[in-house]
Amino acid sequence: MREFFKKRGVLSCISSLVAIAAGLLLGLALLFGFNADKAMYGFRNMMLTGITSLEKLGKVFYTAAPLLMTGLSVGFAFKTGLFNIGASGQFTMGAFFALVGAIQFQLPWWVCMLLAIAGGALWGAIPGIFKAYFNVNEVISAIMFNWIGLFVVNLTLSNMPVMLANNWGEITKDRTAKLINANAGAILPKMGMDKLMGSSYVNCGILIAVLFAVAVWIILSKTTVGYELKACGYNRDASQYAGINAKRNIILAMTISGALAGLGGSIYFLSGSTQYTLLKVLQSMGFNGIPVALLGASHPLATIFSALFISYLQVGGDAMQPEFAKEIIDIIIAAIIYMSAFALLMQQGIRKLLTKKHDVPKASLEKEADKA
Amino acid sequence: MILLADILSATILFAVPLLLVALGGMFSERSGVINIALEGIMVVGALMSCLFLSAVNARYDTVNGLVNTAMRDRGEIFQRMVEYARGIGADLPQELGKISSTTHLVNQGFLTRAQAVSYLLDNGLVTGFADADMRMFRLINDYPQLMMLAAVMVAGISGMVYSLLLAFASIHLKADQTIGGTALNMLAPAFAVVLTWAIQGQGNTTILIPNWIRITGETDSFFGRLIFKSCYLTTPIALCLLAVAAVVLYKTRLGLRLRACGEHPQAAASVGVNVYKMRYTGVLFSGFLGGVGGLAFTVAAGSGFQSSVAGYGFLALAVMIFGNWKPLNIFFASLFFALFKVIGSYAGTISFLPKFENIASSDYIYLMVPYIVTMIVLVLTGKKSRAPKAEGIPYDKGQR
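Top line first, the protein sequences correspond to chains A and B.
Terminal number for the first sequence in our numbering: 372, no gaps in between.
Terminal number for the second sequence in our numbering: 400, no gaps in between.
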């Protein structure tokens, strides 16, 4: 039993759970602080809305799918030693490619998705190229390309009259057309899930996202390519010395990461429930991928659960209104991430706690610590 | 020429927050801590100082409203005001004609507003408010910039307190610095929304800032317009802080030690420098500058505080890298960024810029320019870029 608790995966899982509990407690305290009478009511809504009705569960899946994709994108980059803060731009670019395919060229949904992957990959590759060949920090270039991507997309869409809603029987022209009017074949299939759950939101996006999570896990942990990518992340010089082409790998990592975020964009906007609005504001879905990845410790399979968890909380947060601002959810998530930054410390603490009761040879302990 | 003055004035206005925040980032990174939380620190600084200003302004407004009512009075108060004006030698005509209230007297230039207000208050012609409100009103009326200075301090100190969270996680607990920073970036705007709701009531997400914080002056000449079109106390403060930052970083023992901790903390420790203390100092400096920068951004944006600083914290990181982690370079980099941002919004009125008439929403083209130019410059300077060597690596005493 103790051996089980000393495994690294189990340890990091426990420290994540501790962080989550601490975050939720903070949230509860905030609710009491702002409105003590309604606090328990609000907390119950936040915690239980997602499972009390199938319809709400459908909403959880609907939000979780794009979150999972951007989370995978950020997590994949983390695994390869890069910080992809540009998921927002790649998400936008993916959405743009998918919507152009759907509305301008009337393509079916799966082709639109492939286009989105290409769009995201392109926008991810650019910071990779800048990093590999010009030594520009990927964080800065990704921030720049978030904005450039947003403006390019908005500029192009403004100049494609077919794309806009007013071409398809709506009055507004500050957003893209509703897919149901423009090309119903581009809407993601619901596969009967909408009837099963009684939710108009749910579609096969979550299944596709989970499929990609598994694929990313296989690439990272079972293939040579994944090994090389991770090696570059751990130590660029050492992997170069071992004959790995570091430049190629940086670009490849950013490309894959961008492709994942781009796919997320298509899942979100091909759902048929959302229209892309031309605003001078970055897509928040891309940034929300960062907490998703961090909560899942960048492990692709753990990211599935963290995406579901965060989306679950968000659906709960909507149900807390109007008594409480739904931003309380963001505070909780931020607290959880802040706590999980101490993961290493917490794991050491747990390990110490266990060894006090049970003597373990010191050498093996140190080996464990090195691995961690 | 007036257009040029306007553009330069707006450039300075938007360069100030970038300059302050980028200097903050510089201190933090030079001490070895990547401060990606600048965006969040800005939000907290802006939130606290705007709450402070709006609380102060609420007291000001209660008295101000009564004063304005009294100044519109056409009866006894006006008669006494006329006597007072004649008493201090104002050249009032015998027949007052259209002049029928104190407001008219002030508008026609027979009295200054300050004179009229203090006469009203001194003689008890305005009543119906608490003494504390009155004192606050007089203080703001006489020294508005003193209040603004207090707001700047509130912004800086709240930024420092918030940055302690980053310092604690990344220095004491050796946590990943980007993760801690990301959490703080997420926390700040959410906290701001929740707090604003709690204070101002549901759905009121904007904290308005009072207009007496602006420094006014004549705006007819070129330089007058350049300086006073949009002048706030944050601008001179930023310039002072720039000078202080350069001196502290290069000419003091503290600066030398701080830089050493960003390059090779173990070496610094071996000669007796307390690395923890230096890194805390660096992060706290960045908290102060970031907080003030948040306030500077909010006054520059002009429409009150809406729980966000629109990505300026991240932009400031780019400015810092563009400025190669050096104070003077950062100053020019922030001017450069701000100039392009302003040109984007003025593009329609500048005659020599292309208009792109057959393209819809062409303002996006100009909005893109600063980002593209930055990328080009980063590529050109990328090989020379010299980041502090130990930034982002938690200091471990045992490691050599």
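Think of the CB as a built atom: it goes at the ideal place given N, C-alpha and C, for glycine as much as any other residue.
CB contact flag (residue i, residue j, <7 Å)
i: residue 333/B; j: residue 342/B; result: no
i: residue 271/A; j: residue 84/A; result: no
i: residue 66/B; j: residue 106/B; result: no
i: residue 29/B; j: residue 313/B; result: no
i: residue 181/B; j: residue 46/B; result: no
i: residue 89/A; j: residue 151/A; result: no
i: residue 275/A; j: residue 63/A; result: no
i: residue 49/B; j: residue 189/B; result: no
i: residue 34/A; j: residue 55/B; result: no
i: residue 129/A; j: residue 290/A; result: no
i: residue 290/B; j: residue 41/B; result: yes
i: residue 227/A; j: residue 183/B; result: no
i: residue 323/A; j: residue 194/B; result: no
i: residue 23/B; j: residue 245/B; result: yes
i: residue 261/A; j: residue 73/A; result: yes
i: residue 317/B; j: residue 136/A; result: no
i: residue 285/B; j: residue 159/B; result: no
i: residue 9/A; j: residue 233/A; result: no
i: residue 169/B; j: residue 175/B; result: yes
i: residue 292/B; j: residue 152/B; result: yes
Among the options, nearest to residue i - alpha-carbon criterion
i: residue 277/A; options: 155/A, 190/A and 125/A; result: 155/A
i: residue 186/B; options: 389/B, 394/B, 24/B and 44/B; result: 44/B
i: residue 150/B; options: 166/B, 112/B, 225/B and 52/B; result: 52/B
i: residue 180/A; options: 102/A, 133/A and 161/A; result: 102/A
i: residue 231/B; options: 242/B, 218/B and 243/B; result: 218/B
i: residue 153/A; options: 139/A, 169/A and 119/A; result: 119/A
i: residue 221/A; options: 79/A, 283/A, 208/A and 32/A; result: 79/A
i: residue 195/A; options: 184/A, 296/A and 55/A; result: 55/A
i: residue 12/B; options: 378/B, 344/B and 335/B; result: 335/B
i: residue 186/A; options: 345/A, 239/A and 95/A; result: 95/A
i: residue 292/A; options: 39/A, 15/A, 53/A and 69/A; result: 69/A
i: residue 44/A; options: 345/A, 352/A and 316/A; result: 316/A
i: residue 268/A; options: 19/A, 97/A and 14/A; result: 97/A
i: residue 212/A; options: 18/A, 311/A and 302/A; result: 302/A
i: residue 179/B; options: 238/B, 34/B, 299/B and 248/B; result: 34/B
i: residue 211/B; options: 224/B, 292/B, 140/B and 256/B; result: 140/B
i: residue 57/B; options: 252/B, 375/B and 209/B; result: 209/B
Partner residues on chain B for residue i, Cβ-Cβ distance less than 9 Å
i: residue 168/A; result: None at all; the shortest Cβ gap to chain B is about 18 Å.
i: residue 218/A; result: The premise fails here: residue 218/A is roughly 26 Å from chain B at the closest Cβ pair, so nothing lies under 9 Å.
i: residue 322/A; result: 202 and 203
Chain A contact residues for residue i, given Cβ-Cβ distances below 7 Å
i: residue 364/B; result: 151, 154 and 155
i: residue 178/B; result: 83
i: residue 321/B; result: 137 and 140
i: residue 197/B; result: 325
i: residue 385/B; result: 135
i: residue 305/B; result: The premise fails here: residue 305/B is roughly 15 Å from chain A at the closest Cβ pair, so nothing lies under 7 Å.
Neighbour list for residue i in chain A, Cβ cutoff strictly below 9 Å
i: residue 67/B; result: Within 9 Å Cβ-Cβ: nothing; residue 67/B doesn't reach chain A, min ~36 Å.
Bridge-paired residues (DSSP) for residue i
i: residue 232/B; result: 214/B
i: residue 176/A; result: 164/A
i: residue 376/A; result: In the structure as shown, chain A begins at 1 and stops at 372. Residue 376/A is therefore absent and cannot be evaluated.
i: residue 305/B; result: 207/B
Under 8 Å from the C-beta of residue i: neighbouring residues of chain A
i: residue 276/B; result: None at all; the shortest Cβ gap to chain A is about 16 Å.
i: residue 173/B; result: 341, 342 and 345
i: residue 182/B; result: 290, 291, 294 and 337
Rounded Cβ spacing between residue i and residue j (contact assumed at less than 8 Å)
i: residue 216/B; j: residue 16/B; result: The pair is not a contact, with the Cβ atoms about 18 Å apart (cut-off 8 Å).
i: residue 47/A; j: residue 320/A; result: So it is not a contact: roughly 10 Å between Cβ atoms.
i: residue 51/A; j: residue 336/A; result: No, residue 51/A and residue 336/A are not in contact; Cβ-Cβ is about 20 Å, not under 8 Å.
i: residue 278/B; j: residue 9/B; result: About 39 Å; that fails the 8 Å criterion.
i: residue 101/B; j: residue 73/B; result: 6 Å
i: residue 371/B; j: residue 7/B; result: In fact, because the Cβ distance is near 19 Å, the residues do not count as touching under 8 Å.
i: residue 263/A; j: residue 113/A; result: 6 Å
Proximal residues of chain B, C-beta to C-beta of residue i below 8 Å
i: residue 45/A; result: The contacting residues do not exist; residue 45/A stays about 16 Å from chain B at best.
i: residue 141/A; result: 375 and 378
i: residue 333/A; result: 186
Per-residue contacts from residue i into chain B (C-beta, under 7 Å)
i: residue 159/A; result: 359 and 360
i: residue 144/A; result: 318, 371, 374 and 375
i: residue 108/A; result: None at all; the shortest Cβ gap to chain B is about 29 Å.
i: residue 147/A; result: 371
Distance cut-off 6 Å: residue i Cβ against heavy atoms of the ligand HEM
i: residue 4/B; result: Among the components modelled here there is no ligand, and therefore nothing to report on the ligand HEM.
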